[in-house]
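Colleague: There's a structure below that I have some questions on.
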């Protein structure tokens with residue numbers, strides 16, 4: 001009743017809030033829809049499902065009467081006051097009352113169901129007991145009839161025999177009565193035992209029902225959890241399907257790239273085979289050039305040997321040897337001829353120092369141009385033969401000096417033209433040298449016939465343009481600047497180290513030294529193209 005009075009006084013307390021201007025507060029049952037909580041929402045269920053409501057019949061009756069009074073009060077309040085907050089609070093109370101009444105109704109239904117089941121069971125037991133009682137009544141009637149028949153027979157016998165037997169028959173009847181009473185007590189005890197067993201069976205059945213309800217509740221919870229897991233698994237499967245499609249697209253792209261790379265690899269392999277073929281071809285050409293170069297070196301050595309033989313022949317004639325100013329080269333050597341040519345040009349022209357520098361500079365520029373042209377021609381070779389660059393450079397320098405310094409030639413002339421001009425001049429000077437050698441041999445023989453005292457040393461002076469004029473310069477302690485770049489053909493270590501052994505067949509064929517040198521240099525500057 002106190003709680004009822006408090007509930008009745010709540011709306012009057014809420015009326016004070018109507019005097020203030022406030023926004024209406026709406027409370028909705030949203031937790032069952034959206035699954036979140038807020039102070040302005042009505043939280044359902046208001047009564048916990050685990051709460052057990054054990055009320056007696058009187059309490060249930062009074063509670064239902066209170067619900068009826070509350071329903072009338074809500075109707076009066078909604079008609080009297082137009083307050084949303086008050087109506088909301090009343091609705092919340094009504095919700096709570098409705099839930100409580102539903103719980104009470106459920107408990108009553110449950111009790112009614114249990115009682116009906118128990119009533120049916122008791123009716124069955126009563127039916128069985130009634131059958132047993134009827135059976136006992138029937139047996140009792142039979143026994144009564146038998147007893148009556150026996151008593152009648154006894155009475156008749158007593159009437160016939162007299163009074164002494166009446167006492168014994170009474171004792172017999174009393175004994176039978178006691179037996180029947182004992183049997184009746186045993187039946188009653190058996191009935192009470194059956195009743196107790198029935199009650200125990202009912203308790204067990206109730207416990208079994210409770211266990212089934214509990215298991216059903218747990219199974220429902222498990223089903224909900226399994227449904228949530230199934231939803232999560234479905235989301236995972238969809239996400240994995242998307243990843244699979246993405247990976248498949250990546251695989252397709254990678255396969256396309258692999259195909260393009262395979263095509264590129266095939267093209268590169270073709271280029272590689274072509275490069276290998278070109279390298280093999282260049283290697284074969286290089287080997288041929290090396291053979292030609294070794295052949296030229298061998299020819300050069302043969303020319304040197306022939307020059308040595310000629311020098312030895314000239315020495316064996318018994319005449320005194322004539323040397324160039326420093327005594328390093330023989331009179332009939334190639335270096336002596338070059339030096340004689342240079343001295344002849346110096347003696348004829350007799351330039352001043354400035355003009356000599358200009359001519360020297362032109363000579364060195366010519367040598368530089370020829371070296372550059374030879375390097376450009378030999379740039380295609382894969383490997384360099386040791387000493388080939390030095391030997392070729394020394395030969396080009398010698399041929400440049402043989403070409404009478406090429407002062408009047410144009411500066412932009414190519415290396416091959418310079419070499420042709422040098423070889424042409426070399427051949428002319430070689431012929432001149434041979435003619436002079438024949439003349440000097442005749443002079444030597446003529447002077448050997450004359451006595452030594454009558455020799456006029458003034459007559460031994462030869463023309464300044466011949467090779468014999470080199471003796472007049474014996475007192476000079478130095479060589480000209482142009483001759484400092486010349487290397488002797490005999491003392492070159494690179495040419496001595498590179499001496500091929502495969503071209504010995506050229507030794508059996510006698511050839512002039514001029515042709516040997518000309519053919520060697522022409523083969524170096526103009527290699528055969530396949």
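Residue numbers (full-length UniProt numbering): 1 to 530.
Note that the Cβ used here is the ideal one computed from N, Cα and C, for glycine as well.
1. Check this for me: beta carbons of residue 55 and residue 104, under 8 Å apart or not?
2. So, with DSSP's three-state summary, where would you put residue 208?
3. Tell me the rounded alpha-carbon separation between residue 88 and residue 63.
4. Note down the Cα distance separating residue 438 from residue 300, rounded to an integer number of angstroms.
5. Using the Cα positions of residue 194 and residue 111, report the straight-line distance between them to the nearest angstrom.
6. Flag this pair as yes or no: are the beta carbons of residue 202 and residue 118 separated by less than 8 Å?
7. Distance, Cα to Cα, residue 282 vs residue 289?
8. On the three-pair Cβ rule with 8 Å, is the region 214–226 touching the region 148–156?
9. Rounded to whole angstroms, what's the CA-CA distance from residue 424 to residue 296? Just pull it up for me.
10. CA-CA distance, residue 226 and residue 208?
11. Within this structure, are the beta carbons of residue 60 and residue 108 separated by less than 8 Å?
12. Does DSSP put residue 55 in a helix, a strand or coil?
13. Is the CB of residue 276 under 8 Å away from at least one CB in chain D?
14. Which word fits residue 177, buried or exposed, when buried means at least 16 other C-beta atoms lie within 10 angstroms of its C-beta?
15. Assuming contact is defined by CB atoms lying nearer than 8 Å, are residue 198 and residue 135 in contact in what I supplied?
16. Taking all protein chains shown into account, do 16 or more other C-beta atoms lie within 10 angstroms of the C-beta of residue 436, making it buried, or fewer, making it exposed?
17. If we count the other Cβ atoms within 10 Å of its Cβ and call it buried at 16 or more, is residue 481 buried or exposed?
18. Of the residues 431, 114, 98, 238, which one's Cα is nearest the Cα of residue 210?
19. Straight-line CA distance for residue 149 to residue 179?
20. Between the C-alpha atoms of residue 293 and residue 287, what's the straight-line distance to the nearest angstrom?
21. Does the Cβ of residue 302 have 16 or more other Cβ atoms within 10 Å, making it buried, or fewer, making it exposed?
22. Do residue 231 and residue 129 have their C-beta atoms within less than 8 Å of each other?
23. Give me the Cα-Cα distance between residue 204 and residue 218, rounded to the nearest whole angstrom.
24. Using alpha carbons as the reference points, say which of 274, 140, 121 lies closest to residue 200.
25. If you draw a straight line from the C-alpha of residue 235 to the C-alpha of residue 245, how long is it?
26. For residue 296, is the beta carbon positioned less than 7 Å from some heavy atom of the ligand MN?
Modeller: The short version:
1. Yes, Cβ-Cβ distance for residue 55 and residue 104 is below 8 Å.
2. Helix at residue 208.
3. Approximately 22 Å between the Cα atoms of the pair.
4. Approximately 25 Å, taken between the alpha carbons.
5. The C-alpha of residue 194 lies about 24 Å from the C-alpha of residue 111.
6. Closer than 8 Å, so yes.
7. Spanning the two alpha carbons is a distance of roughly 10 Å.
8. Touching, no.
9. A direct Cα-to-Cα measurement between residue 424 and residue 296 gives close to 19 Å.
10. Computed Cα separation, rounded: 26 Å.
11. Their beta carbons are under 8 Å apart, which means residue 60 touches residue 108 by this criterion.
12. DSSP places residue 55 in the coil class of the three-state scheme, outside both helix and strand.
13. Protein chain content of the structure displayed is limited to a single chain, and chain D is not contained in it.
14. Residue 177 comes out exposed.
15. Taking 8 Å as the Cβ cut-off, residue 198 and residue 135 do not qualify as a contacting pair.
16. Residue environment: residue 436 is assigned as buried (16 or more neighbouring CB atoms within 10 Å of its CB, all protein chains considered).
17. Because residue 481 sits at a pLDDT of 40, beneath the cut-off of 50, its placement in the model cannot be relied upon, and the following sentence gives the value as read from the coordinates. Exposed is the call here.
18. Comparing alpha-carbon positions, the option among 431, 114, 98, 238 lying closest to residue 210 turns out to be 114.
19. Roughly 18 Å between the two C-alpha positions.
20. So the alpha carbons of these two residues sit roughly 10 Å apart.
21. Buried.
22. Their beta carbons are not under 8 Å apart, which means residue 231 does not touch residue 129 by this criterion.
23. Rounded to whole angstroms, residue 204 to residue 218 spans 21 Å at the Cα level.
24. Minimum Cα distance to residue 200 is reached at 121.
25. About 15 Å.
26. Ligands displayed in this structure: none; no statement on the ligand MN is therefore possible.
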